[in-house]
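Undergrad: Protein chains in written order, with this note's numbering: chain A, 36 to 460; chain B, 13 to 279. Even for Gly, the Cβ is constructed at its ideal location relative to N, Cα and C. This is the structure I have questions about; it appears just below.
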């Protein structure tokens with residue numbers, strides 16, 4: 036095994052690169068997580084069967100649990116030398132994966148003119164977590180943004196215009212307070228808005244809030260955070276001050292936001308576009324989809340999973356992986372995956388396909404998230420990503436729980452993250 | 013009499029607290045999702061959730077895999093732990109205490125720490141993505157050895173001697189004298205082992221890649237669709253389906269299990 040791999044590695048030096056290109060890998064394995072409902076394993080198996088028919092190359096898709104499980108599984112397998120050739124993992128994990136030294140950049144695999152065109156074909160917002168050191172490390176696959184879902188019936192009931200979702204912070208707070216409903220005994224029967232503040236999600240929501248005042252949370256290299264910037268503090272203060280009249284005091288958890296929304300316990304939620312198909316199937320009331328507001332105008336954050344390529348694969352396998360990635364992110368497939376999952380299709384070309392055009396015509400909400408991509412920022416992504424997320428989330432929760440003021444809390448978060456990230460500077 | 017009454021009431025209360033999640037799962041599973049958090053007696057009944065859950069993953073295959081896995085682990089643990097426990101309980105050899113201490117050390121190591129190391133070994137053996145591969149790290153059990161050793165030590169030496177005088181060999185003594193007397197311990201340990209491996213999630217997820225090897229728990233994770241929140245009704249239906257065989261087995265053999273636990277001293 037070792038001999039063969041070493042030989043393959045040496046080939047480009049010994050022979051012309053064209054010879055290496057000519058040998059194609061006939062079998063590839065990749066891991067992918069599923070974070071939305073539906074028979075998506077069957078859909079993915081179908082894509083790979085089609086690919087085999089078209090090209091003769093076998094691609095084994097391995098369902099790997101949720102995003103966290105998939106990351107653990109891929110890293111464990113790669114360390115044992117049996118890893119996948121490529122995988123769908125969180126876009127935000129780029130720096131951590133680089134630190135683990137298991138990624139190979141697209142530039143190193145080799146992009147010809149067509150390949151470069153392909154990389155440029157995606158929405159720029161979805162490439163926001165893909166670049167570092169002048170290289171491209173991943174391409175978008177199942178991507179989302181934070182958007183607002185609102186109960187139109189509740190809007191009408193509260194005397195608000197159901198077609199005009201608030202666009203700025205002041206309007207948002209006012210609407211949330213108006214929508215909160217109490218019964219005779221003063222018990223709240225419906226909250227205006229719920230936003231996720233639990234671990235693993237708080238940093239995402241907060242990335243959008245920071246972007247709403249025009250503040251980034253980290254630099255592109257993933258080595259610095261800006262948690263104690265005055266605007267970051269302003270964003271957290273705004274979040275805290277939504278309670279107790281517009282949102283419940285304390286922490287609302289991501290997994291219960293949609294059940295709460297569906298049951299009418301809250302009139303607005305900020306959630307992922309990946310939830311659209313689910314809510315559409317289950318909501319018993321007319322609901323609207325809108326961009327989340329901003330201090331002055333709507334701003335949001337992107338999320339979801341990218342395709343990463345791994346270093347341990349041979350040159351032929353890397354090239355074959357890249358070819359499959361190009362095939363599966365082609366407009367028709369991207370459109371199909373978007374319709375079946377609710378994620379945003381990764382390229383503008385996908386929205387020009389007949390399938391997606393027809394879908395959007397019948398369900399205009401599907402295009403709302405796409406329209407807010409120009410005002411979306413990359414999500415929090417640094418070295419030691421999960422540790423930094425935890426540092427930030429702990430402080431956000433302390434503020435939401437009323438134990439700390441936003442200023443000192445975020446100063447603590449910044450101090451801790453500077454300490455963790457010092458070694459990567 | 014009065015304390016008895018208090019004790020009974022307390023037992024019922026504890027029993028109720030214990031069974032509540034199960035009752036809730038049952039409630040959520042047989043009603044439409046919108047009633048998942050509204051306890052209304054008028055809520056319509058439905059089998060829809062079970063149908064959705066059943067269709068979402070190849071559960072019969074997963075059930076078979078889980079069954080093979082727990083059986084394999086249990087049989088191997090019994091076969092491997094029994095002679096080891098006998099050796100530690102009754103045989104004299106230099107370094108016995110040291111070796112036993114090393115075995116006990118295994119109890120202190122969290123299995124999760126060994127994920128990468130175990131995976132690497134399996135990769136060398138070519139056992140990744142096989143049921144044997146999931147089972148392998150658990151076949152030799154320090155807990156099983158310890159438990160059986162304690163039980164074997166309580167077997168009167170006279171019985172051992174008598175069997176020896178009758179001309180029984182070493183294996184015959186273990187099989188005819190020790191194993192029958194330790195039956196409650198085997199049952200109790202078996203229950204602990206089966207329920208642990210029935211529920212194990214992270215390791216099987218990491219080491220398996222295909223439907224033909226994955227156990228139920230990995231199949232269940234399809235329902236933890238984090239991007240859209242949890243559908244309590246469907247997840248409850250799926251949970252009931254996957255835990256039903258264990259629950260039924262426990263109800264059927266309840267008396268034996270309870271007695272075994274009393275005698276074996278595991279509580």
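Candidates A:112, A:65, A:365: which alpha carbon is nearest residue 135 of chain A's?
TA: Closest by alpha carbon: A:112.
Undergrad: Can you grab the Cα-Cα spacing for the pair residue 206 of chain A / residue 329 of chain A, in whole Å?
TA: In a straight line, the C-alpha of residue 206 of chain A is about 10 angstroms away from that of residue 329 of chain A.
Undergrad: With DSSP as the reference, label residue 166 of chain A as helix, strand or coil.
TA: Note: residue 166 of chain A maps to strand in three-state DSSP.
Undergrad: Can you name the residues that DSSP bridges to residue 338 of chain A?
TA: Per DSSP, A:179.
Undergrad: Count the other C-beta atoms from every protein chain shown that fall within 10 angstroms of the C-beta of residue 32 of chain B, then say buried if there are 16 or more, exposed otherwise.
TA: Exposed is the call here.
Undergrad: Pair every Cβ in the region 171 to 179 of chain A with every Cβ in the region 191 to 202 of chain A, then say whether three or more of these pairs are closer than 8 angstroms.
TA: Taking 8 angstroms as the limit for Cβ pairs, the verdict is that the region 191 to 202 of chain A does not touch the region 171 to 179 of chain A.
Undergrad: Is it buried or exposed for residue 220 of chain A, if we count other Cβ within 10 angstroms and need 16 for buried?
TA: By the neighbour-count rule (16 or more Cβ atoms within 10 Å), residue 220 of chain A is not buried but exposed.
Undergrad: Give me the subset of the region 211 to 224 of chain B whose CB atoms are less than 7 angstroms from a CB atom of chain A, sorted by chain position.
TA: Residues passing the 7 angstroms Cβ filter: 217, 218, 221.
Undergrad: Taking any Cβ of chain D, which residues in the region 102 to 133 of chain B have a Cβ under 8 angstroms from it, in chain order?
TA: Among the protein chains in the structure shown, which are A and B, there is no chain D.
Undergrad: Is residue 149 of chain A buried or exposed, if buried means 16 or more other CB atoms sit within 10 Å of its CB?
TA: Exposed, by the Cβ-count rule.
Undergrad: With 7 angstroms as the C-beta to C-beta threshold (strictly closer), list the residues of the region 259 to 286 of chain A near chain B in chain order.
TA: Taking 7 angstroms as the Cβ-Cβ cut-off against chain B, none of the residues of the region 259 to 286 of chain A qualify.
Undergrad: Short of 9 angstroms Cβ to Cβ, which residues in the region 65 to 98 of chain B face chain A?
TA: Hits within the stretch, in order: 67, 68, 69.
Undergrad: Can you check whether the CB of residue 166 of chain A is closer than 8 angstroms to the CB of residue 255 of chain A?
TA: It is a contact, given that the beta carbons lie within the stated cut-off.
Undergrad: Using a C-beta to C-beta distance shorter than 7 angstroms, which residues of chain A count as neighbours of residue 135 of chain B?
TA: The contacting residues are 115, 116, 117.
Undergrad: What residues from chain B crowd round residue 108 of chain A, counting only those whose CB sits closer than 7 angstroms?
TA: The answer, in chain order, is 217, 218.
Undergrad: Between which two residues does the alpha helix (DSSP H) containing residue 94 of chain A stretch?
TA: Counting along the chain, residue 94 of chain A falls outside any alpha helix (DSSP H), though it belongs to the beta strand (DSSP E) covering 93 to 98.
Undergrad: Would a check of beta-carbon distances place residue 173 of chain B closer than 8 angstroms to chain A?
TA: No, residue 173 of chain B lies away from the interface with chain A (no Cβ there is under 8 angstroms from its Cβ).
Undergrad: The alpha helix (DSSP H) that contains residue 109 of chain A, what's its start and end?
TA: Per DSSP, residue 109 of chain A belongs to the alpha helix (DSSP H) from 102 to 114.
Undergrad: What does residue 253 of chain A pair with, by DSSP beta-bridge criteria?
TA: Note: residue 253 of chain A sits in a beta bridge opposite A:260.
Undergrad: Classify residue 108 of chain B as helix, strand or coil using the three-state DSSP reduction.
TA: In this structure, residue 108 of chain B counts as helix in the three-state DSSP scheme.
Undergrad: Are residue 337 of chain A and residue 414 of chain A touching if we call contact CB-CB under 8 angstroms?
TA: The answer is yes: Cβ separation under 8 angstroms.
Undergrad: Can you list the residues of chain A that residue 140 of chain B reaches, using a CB-CB cut of under 9 angstroms?
TA: In chain order: 112, 115, 117.
Undergrad: Return the CA-CA distance between residue 392 of chain A and residue 405 of chain A, expressed in angstroms with no decimal places.
TA: Cα-Cα distance, rounded: 13 angstroms.
Undergrad: Quick one, which of A:190, A:292, A:124, A:359 has its alpha-carbon nearest residue 233 of chain A's?
TA: Of the candidates A:190, A:292, A:124, A:359, the one whose C-alpha sits nearest the C-alpha of residue 233 of chain A is A:292.
Undergrad: Step through the CB atoms of chain B and report whether any lies within less than 8 angstroms of the CB of residue 74 of chain A.
TA: So, interface residue.
Undergrad: In chain B, what lies closer than 7 angstroms to residue 97 of chain A by C-beta?
TA: Neighbours of residue 97 of chain A on chain B, chain order: 221.
Undergrad: Run down chain B in chain order and give the residues with a C-beta less than 7 angstroms from the C-beta of residue 100 of chain A.
TA: Residues of chain B passing the Cβ test: 217, 233.
Undergrad: Which same chain residues end up closer than 6 angstroms to residue 479 of chain A when comparing Cβ atoms and leaving out the 5 residues on each side of it in sequence?
TA: Any answer about residue 479 of chain A is impossible in this case: the structure gives chain A only from 36 up to 460.
Undergrad: Determine the direct distance from the alpha carbon of residue 68 of chain B to that of residue 75 of chain A, and round the result to whole angstroms.
TA: Cα to Cα, the separation comes out at about 9 angstroms.
Undergrad: Cα separation between residue 6 of chain A and residue 247 of chain A?
TA: Since the first residue of chain A shown is 36 and the last is 460, residue 6 of chain A is not available in this structure.
Undergrad: Could you name the residues of the region 311 to 327 of chain A whose beta carbon sits closer than 9 angstroms to any beta carbon of chain B, in the order they occur along the chain?
TA: So the list reads 311, 312, 313, 314, 317, 319, given in the order they occur along the chain.
Undergrad: Which same chain residues, not among the five before or five after residue 23 of chain A, have their C-beta less than 7 angstroms away from its C-beta?
TA: No statement about residue 23 of chain A is possible, as the shown extent of chain A runs from 36 to 460 and does not include it.
Undergrad: For residue 56 of chain A, I'd like the list of residues in its chain whose CB is within less than 7 angstroms of its CB, leaving aside the five on either flank, ordered along the chain.
TA: Confidence in residue 56 of chain A is poor, its pLDDT being 43 and thus under 50, which makes the residue's placement too unreliable to answer from.
Undergrad: Taking 7 angstroms as the cut-off, is the C-beta of residue 342 of chain A nearer than that to any heavy atom in the ligand FAD?
TA: As for the ligand FAD, it is missing from this structure, which has no ligand bound.
Undergrad: Name the DSSP bridge partner or partners of residue 225 of chain A?
TA: Per DSSP, A:216.
Undergrad: Consider the Cβ of residue 104 of chain A: report whether some Cβ of chain B lies at a distance smaller than 8 angstroms.
TA: It does: the Cβ of residue 104 of chain A has a partner Cβ on chain B nearer than 8 angstroms.
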